[in-house]
Amino acid sequence: MNDETSLKIFVIDDDTEFLNMIKATLEGRGHSVLTSVSPLFAIHEAASLRPDCILVDLMMPGIDGAQCCSELRERRELTDTRIIMISGRDP
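Residue numbers 25 to 115, in our numbering, belong to the letters of the sequence shown in order.
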């Protein structure tokens, strides 16, 4: 990616402090950032948002990041979307 490339990135994380840090960092690099604290809401919203990339937190209540990724992958509109698992927690 060069400096002229701006991505639409959808970040899904239940930790609002971590979510805001990621959002500020990515926006500071010129990207458009959409966020959700609810993985269930995000799964339904992502298809209409059509982001270039989705960052998904590993550990969330309700459904975990792996299940969220699996659900996102089933969406026909997201077949070309990059999905990356992230975690703000120490191992």
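Where a beta carbon is used, it is the ideal one built from N, C-alpha and C, also for glycine. These figures come from a predicted structure and were not determined experimentally.
- Inclusion of leucine 102 and alanine 66 in the CB contact set at 8 Å is not warranted, their separation being larger than that value.
- For leucine 73, same chain residues with a beta-carbon under 8 Å away, outside a window of 5 residues either side, are Lys32, Phe34, Leu58 in chain order.
- For methionine 45, there is no enclosing beta strand (DSSP E); the enclosing alpha helix (DSSP H) has its first and last residue at 40 to 52.
- By a beta-carbon distance limit of 8 Å, cysteine 93 contacts isoleucine 107. Their separation comes to about 5 Å.
- A residue is called buried when at least 16 other Cβ atoms come within 10 angstroms of its Cβ; proline 63 meets this threshold and is buried.
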